[in-house]
Each structure stands twice: as C-alpha cells, then as structure tokens.
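Residues in the sequence shown are numbered from 885 upward in steps of one, following this note's numbering. C-beta atoms are modelled at their ideal positions from N, C-alpha and C, and glycine is treated no differently. In this text the structure is predicted, and so the values were computed from the model without any measurement. Below is one structure; the comments refer to it alone.
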Amino acid sequence: MDKIRVKYILSATVILLFAQIVLGGGMPRTTRHPILGDTVPSPTRSAATAPDTAAINLDSGTRQPAATPSRREVRRQAREEIRRRRAFDALPQQMKDSLLAAQVDSLVAQQGGSPGARPDTLATDTLRRDTVKKPRPAGAFLDDPIAGKNTDSLVYDVRNKLVHIYNQGDVSYQNSNLKADYMRIDMDSKMVYAYGKPDTLDGKEIITKPEFTEGSATYQMDTITYNLDTKKAKIKGVATQQGDGWLVGGSVKKMPDNTINIEHGKYTTCDHTDHPHFYLAMTKAKVIPGKKVVTGPAYLVMEDVPIYFLGIPEGFFPINMGPKSGLLMPTYGEEYAKGFFLRDLGYYFTLGEYADLAVRGGIYTLGSWEASAAARYIKRYKYSGSFNMQYSNVKTGEKGEDDYIKQSNFRIQWTHSQDPKANPGSTFSASVNFATSGYSRYSATNLNDILSTQTNSTISYSKNWAGTPFSLSANMAISQNSQNKSISITLPTVVFNVSRFYPFKRKEKQGKDRWYEKISMQYTGKMTNSVTTTESKIFSKETLENMKNGIEHSIPISASFNLFNYINLSPSINYNEKWYFKKVEFEWNPLTNQTDTLPASYGFYRLYNYQFSVSASTTVYGMYDFTKKSRNRKIQAIRHTLTPSIGFSYAPDFTDPKYGYYRIRQTDSTGRFTTYSPYAVNAYGVPSSGRSMSMNFSLSQNLEMKVLSKRDTSGVKKIKLIDELRISGSYNFLADSMRLSTIPVSFRTTLFNNFGINLSLTLDPYRVTPEGKRYNKLFFPGRVVSTGWSFGYTFKSRSDRSETAINDITSIPPEYQNPFYDPYGHMDPVLRRQYMAQSYYDFSLPWNFGFNYAVNYSISYTNNGTTGYRKNITQTVGFNGSLNVTPKTGITFQGGYDIKQRKLTTSSVSITRDLHCWQMSFSWIPFGYHRSWSFNIGVKAASLSDLKYDKSQSMYDNMY
C-alpha cells in the first residue's frame, strides 16, 4: 500500500512539473525595456502604470499566480540586464533612436499576433524590421512608424496596450512632433496624452509645458490629447504664435485641417503669454493658420483691467505672412490754416509677386484736398524701383483777403536700379524728382522737401562691349529751382568713348619698346540737347528755339617718355571738332540805334580747334634718420616727398578771319565795335579767342614719420603727418596784363582714426583798387578770395552695428538721421517723427554723439571806396546723438548752430520709453519756423499698430 501511494505521489509530481514547464512558457508578461541606462522602474511610476504581473491561463482565461524565480535565476537576469544596458549605451545616438522607434513599432504589430510570443526575441525582431521596412499587413495599427526618444524611461503596459514616456520625451509621427515630460500613448484608441512637470529655472519654480508641432504651426500648452488617426486634438492652456501676435486659449480644439476653435481665448502681441500686459479677451474665436483670426464678442484688457467700452461685437485679424491687399487706415487732426483733416485713407493692392500699389487721399474742412499713389516693384537678380506721385489742391484763407491762397501742386518721383548680374555689360538707372515750385512751400510734408530749393532728376544708361575698347552712355537730366522757378533740361546727352589704345605697338613684343610704340590715342564723341527756361514757358515755342545742341569730337594723342631715369616727359596734341546746326547773327539798326538779333539760321556748321602741350614731372625724396645716434628713439625717421610738375601749352588765335568763327558788330551809335561768334548759342561753345602760350605748374608734397610700435610685427609704424599739401597755377606769356592766374592751395591731413582735416583756398596775386577793379601789380603772398574748411567726428560707446536702430547714428543712412525723412513722401513731419519713434530703438547702446563743423570764406569785388571788396563768412556747427538716461528710456537729438547769425538752426528732441510690448515717445521742435510737438503711445507690433493714442501740434500752423 505504501509503495502504491509513493508511486502515485511521484506520478502526480512529474505531471505537475511537466504542466508547470509547458504552461509557464506561454504566460503573458509585462515587458519593460531600459532606455539610456534605466534598469528598474521607480515604485511610484510602476504603481501609477500598474503593469499586469499575473499569468493568464490560455484555455480558460483565468489568472494563475506567477511563479517565484529562484535566486540563481534572479542573479542571471540581473547579469543579463547589465549586459544589455552596456551594449545599448555603446550604441550611437542615431541607432538608439532607431531602436526605440522599432520597439514601439514591434509592440504595436504584436496586437495581431500571438500573445504568447517570446519577449526575448523582441529586440532582435524589431532591429530586423527597422533595417528593412516591409509592407504592413491589412489592419495595421498606423500608416507610418512612430519615432521617438527620451532621457528617463519608456514603460510598456501590454495588457492595457499603453506606452508611458518620461522626461523630455520627443515623439514624431508623419509631419507631427510632440515634446513633453510625460506622454501616454493608447494603442487601442490611438490617443496621445501629454502634460508637463514641476521644475526650477534660475532658482524659480516653473512647470514645463508640452510643445506640439504640426507642419509649420507650433503650440505650447498645459495638456494635450491628440488622436493619431483623425489628427484632432483637445488642448488646455495653449499658446501659439500667429504672425507677430500670440493666441492664448483656455480650451482649444484643433481640427484635422489645422483650424483652431478657441473658447475663452486671448490675442496679444506681448510675448509674456502666461501673464500678458494687454490682450484682447475673446469669448470665442476661430483661427485659420497663416490667414486670419475671426472672433466673436471681445474687449480690451490692460494690466488685468478689463475695458468693456473698447469692446467689439466681432473682429477680424489678418495673420498671413507677406503683403496682402487691404484698407489703409487714416490719420486725423487739425491745422489752423486748413481746418480739421482726415488724411492717408486709402487702399493697398498687391500686384502679383513683384509689385504693389498704395493709393491714399485726404480732405480738409476748409476746402483743401490731396491724393497720392505709391508703387514698388522688384524682381530678384533683375531690377527694383519705386514710383510715387502726389497731387494736392491747396486752399487757405478767405477769397478776397490778402492771405487767400488757391493753387494746385504735384510731384513725381521715380527710382529704378538694375542688378549688376541681370545684364553684364549694361546698366540702367533712374532717379526722378520733379515737382512744381509751389510744392515745397504749400504741399511738402517733410522738412527736407520744405527746405530744399533745388531738385534734380536723372535717367541714365550705359553699355560697354567686353573685349573691345568701346563704351556708350546716355542720360537725361532735369534741374529745378523753386525760388526763381527756373528749369534746366538736358534731353539727352550721349557719349561714345574709345578707351586708350596704342596704334603703333607691335603685336609680338621683342626687346624694348620703340619711341613710337609709346604713342597712344583716345576718342570721345558727345551729343547733347539742353535748354534753360521757366515753368510757365516749358512747352512754348520759345523754349524749342532756345535749345542748345551739338556734337563734339575729341581726339587726344599723347606719349610718355623717361629722361635721365628721373624725369617723366609727356607731350600731347588735343584735337577737337564741333558740329552745329544753328547760328545767330547780329546787325546794327540805324533807325532804332540798337543791335537787332536776326532770325536763327539752320544748317550744318563745322568748327575745329587744336592745341599742343608738354609736361614734365619727377619725385624728390628727403629723409632724416634719427637712429644714427640711438636705435631706441621713439621717432625713427622722417621722410619728406616732393612732386613738382611743369608744363607748356600753345593754342593759335581762332579769331583769325581764315577760320570764320568770329564776326564784328557795332554796339552803339558812337561807332564802337566788338567781336562775337554766331555759334556761341550752341551747346559746346566756340574755340577760344586770342593766341595762348602758357605755362602751368604744381607742387605736391607729403610728410611721413616712422615710429616704434609694439603692436606692429615689424616693430615700427608709419604715420602720415601731412597727407598732401598742393599748390598750383599758370602763367600766360601772351596776355597783355595780369598774366599770372589765381593760385589754388589745398591741405589734407589725418589726425587720428577716421578724423581728418581738409582745407582749400584760392589766392589772388594782384592788387585791387578801392573801386573793386584788379590791376597789374603783384603782391605776396596774395589775397585769399575763397576758402573752405570742414571736419566732423562721431563718438560712440559701442562699435557693433549688428542691427539698425534709430538711436545709432553710425548704422543708418544720413537721411534717416533726420526725423522728418519720409521715403514715400506722403507723411507730414509729425507723423514721420511718430513713425520713427515707433521704430527699433537699441537700448543696449548707452550713448553716441556726432558733430560737424564747416566754415566758408569768400570775397566779392565792390566799389566801397576802401578795400574794393566785401567779405562773406559763414560758419555752421551740426550735432546729433542719443543718450539712454535709464535702461528703458532714451533721448535722441539733432540740431545745429549758425555762428554768423548767432542762433540755433532747426533742432529736434525725441524721448522714447520702452514699455515692453508697447512704446511711448515724445518729439519736440522747440523753436523756429517748424515749431511743433507730438506724443504717441502704441503697440509695437504692426498687426495692432492702430491701437495707439496720438496728440500733436502740427508745424503747418506756423506756415501761413
């Protein structure tokens, strides 16, 4: 009996052991793969995820207690875990990321397979699947694999089909990316849930926020629930940048087409999205990314104070990048002479990808009105330009009164430039600025135009042929004077040029050049047509008759020889020929005792002249060496360089009757006669009268010093004490008196870096009578008849020019230093100052200051009974700069002082205060004809530029 019992017990034990072995291999398990050194999950995280640890009976589905592994098995698993961790740590980061993606992909695919698959083959299978991507079977979990990484751990809960990612998780799927410190992926519902965690930054407690990116749109939020299949998302506490503003939503739904529905949202341009300084509170809104934001009822909140009376029933904000057609908001105000106004109301048109157009208009309550159109065009690597036109109808005062003014003015501006790469060898450019004379007085809207009395316009074209000496240029020019209403027009000037060539030079050079091979020639052909008239006569027949035109040919022939190795000798012959098509003759009328001008005669008239010249020059050096006595002297040597030059020229007398260039006419009833040329009415004049044989001379010199310098690698440094001191003049041997010309003198030196002095003057060597007439008596050193001297410098606290700023006078063009400058020409100075004040102000630049000084002296001969001349002296000092009085408050200023008049010129002061997302400014012209002031506070961002407050006194109140 005992043997039978023992037999049954042994049989049962064997069956149980066999069943344990067979059934134990098919138990489902919770797998956890170490990521970046993680080996054992923390207890709290394991409890939170609650992975399944019980075995499941495959037949009945009932749970069985899990077998307890032996100590040997535990130690073996620990060693295997350490080996796997070391092998994983040795992999490159790219392979780690790929392994993670493959693990998630394999786990997802395991849903459709046997639940009893061995976990030990997971890594091997996933690596093989990651290396060669095979087509997915029908009913796969997702269309594309998920790739991701993190710094802590990745926990798989197979039973509940969940994936938990901890610390700096980064998961990408198709064109979407999610970064968060905690993420949970549900493989059944295909939902991703993420939120941040508490952290510290610079000692301050913060809460990290998930960041979700889909396409080009990026969102930061408190929590997000995202469906990988439908691409819908439900977000809490989102903040996303749209254009130059931020959308902050309490509860947000993102749709598959990336549109966003917001409830209890905010729109602000303040980047403090957690607590913005101001925002537009929206009860509900819809966002179409890259296009617009449409809101329901909304109101303004500033510093947490709601301002309900500034609310709107609905709103529309364009957030598209790039220009779009739309309404241009007007400005309003009052001027004493013109009344209340509404200005700059208009519409902006986008004309394709390469051009745009802004049309504006304005009206005044006392009858004046204005209109303008400004267009710009640009094509990369081809050309760019702008075209502006302004028209104004000005009406001030009452009809019949002395101050009544009614006139129409206009201005046309056109600029065009061609990219050098567009058409190598040819260029075309235009700079047109044409306006009526009354525009600067009554219609100009910036200080530069008001003070300007001369405007110039040019249109030019040039062409050169590569590999040849030929080149061609043509230009048209118009110059206007608003004071006397005169206009000078040149339509056109064409110049054809053949550069220097050597006609006798051998093609294959052998030995030294022969003397005739050094002879060179050039050719220049000119054609022009010009006239000077007034605005009222510009289209009259008289203007056409007064046009000066002609064609001129110039052929200089020259050579250069070296004498005695020190003297350069240069003989030359200049031949000029002029072709004219008109001449005007004079005739004495004995009946009226006056000279009558005969009608112009038209035909072809050829005039020529020539002259001979020869010049010689050399260079003389003088040096004093201080190192002969001691080599350690600070000053090592001084070198003086002299460059003298002398030349002779001869021209025959072209008044000789054989040439036929000059005639004689009677000037009065006493029988006095004078010589004149009937061809003097043409463009290039006539050959000179009288025989000329003159000598010209010049002397140029500079002074240099060599000093010891530790900064220079050679140990010495050269310093220029005098860059150039030059004196020149000429002497006419055939003149009947006063044969010596005036003596020009120039001086140039550099005192230190970027600071130099230029001085020029002209000396008259002859004395003058008390009646203001020069006579033939020399005196030394002569009389200064004109001189000019100017210098300037800029002091700054920083030399960085990384970004242009209105307070950095060295980083912007000179015209922008004037607060009235307006490149489009449709803003009055007050608005221009406001615009400039709202531009970028670099508060990191503590200060900078610049100044310039100019003095001009001249004399005019007059009958004053004493000296015979009158002195004219002008001295002006200009200055500009900026100063930051606090880290967020800056002052910019500019002005000048007229020393002769002893008064300040037009000056301005601007104060700017940075209010983070707002900016406040005050501009003031304290005195002068353009006295005015303005105050502005507004939002910096362009999308809310109309959210501002302006108050000003216009300078137009002082103009009439």
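Distance between LEU1212 and ASN1272, taken at the CA atoms: about 17 Å.
Judged by beta-carbon spacing, ILE1296 lies beyond the 8 Å limit of ILE1371, meaning their Cβ atoms are not closer than that value.
Residues ASN1586, ARG1632, THR1633, THR1634 of the same chain have their beta carbon placed closer than 7 Å to that of ASP1607, with the five preceding and five following residues left out of the count. Scanning the stretch 1300-1388 for uninterrupted alpha helix (DSSP H) segments of 4 residues or longer gives 1331-1335, listed from N- to C-terminal end.
With fewer than 16 other Cβ atoms from the protein chains shown falling within 10 Å of its own Cβ, GLY1236 counts as exposed. Secondary structure note for LEU1428: its alpha helix (DSSP H) is the uninterrupted segment 1425-1429. By the neighbour-count definition (other C-beta atoms within 10 Å, threshold 16), GLN1478 is an exposed residue.
Taking C-beta atoms as the reference points, THR1320 and ASN1365 fail to come closer than 8 Å. Boundaries of the beta strand (DSSP E) harbouring SER1742: 1731-1745, taken from the DSSP string. Residue PHE1193 holds the alpha-carbon nearest to the alpha-carbon of LEU1184 among LYS1176, PHE1193, VAL1177, VAL1178. Membership of ARG1623 in any beta strand (DSSP E) is not indicated, and neither H nor E is assigned to it by DSSP. Between SER1324 and THR1299, the C-beta gap is not smaller than 8 Å, which leaves the two residues out of contact. Taken through DSSP and simplified to helix, strand or coil, TYR1220 comes out as coil. Only residues of its own chain outside the window of five on either side were considered, and among them none has a CB closer than 7 Å to the CB of ALA962. The C-beta of PRO1173 has 16 or more other C-beta atoms within 10 Å across all chains shown, which makes the residue buried. Between TYR1494 and ILE1457, the C-beta spacing is below 8 Å. Note on ASP1620: under 16 other CB atoms within 10 angstroms of its CB, so exposed under the neighbour-count rule. DSSP, reduced to helix, strand and coil, places ALA1825 outside both helices and strands of the structure shown, so it counts as coil. The beta-carbon distance between MET1411 and VAL1382, rounded to whole angstroms, is 15 Å. This is too long to meet the 8 Å contact definition. Between the alpha carbons of ILE1247 and VAL1171 lies a distance of about 37 Å. When only Cα atoms are considered, TYR1543 and LYS1466 end up about 17 Å apart. DSSP, reduced to helix, strand and coil, places ALA1484 outside both helices and strands of the structure shown, so it counts as coil.
If you draw a straight line from the Cα of LYS1393 to the Cα of THR1527, it comes to about 32 Å. Proximity to GLN1274 across ASP1240, ASP1188, ASP1228, ASP1287 peaks at ASP1228, based on C-alpha coordinates.
Per DSSP, TYR1543 is not a residue of any beta strand (DSSP E), being assigned neither H nor E. Here ASN1740 is not near SER1766, since their CB atoms are 8 Å or more apart.
PHE1496 is positioned such that its CB atom lies closer than 8 Å to that of SER1533. Cα atoms of ASP1286 and SER1744: separation of roughly 38 Å, rounded to the nearest angstrom.
Taking the Cβ atoms as the reference, GLU1098 lies roughly 7 Å from ASN1142, within the contact range of under 8 Å. In the DSSP assignment, ASN1580 forms a beta bridge with GLY1531, SER1614.
For GLN1406, the enclosing beta strand (DSSP E) covers residues 1404-1418. When the alpha-carbon of LYS1784 is set against those of SER1301, ALA1738, LYS1396, TRP1808, the nearest one is in ALA1738.
Counting only unbroken stretches of 3 or more residues, the beta strand (DSSP E) elements lying wholly within the stretch 1043-1090 are 1046-1057, 1060-1070, 1075-1079, 1082-1085, in sequence order. Between the alpha carbons of ILE1451 and THR1525 lies a distance of about 15 Å.
Around the CB of ARG1244, 16 or more other CB atoms lie within 10 Å, so the residue is classed as buried. Membership of ASN1748 in any beta strand (DSSP E) is not indicated, and neither H nor E is assigned to it by DSSP.
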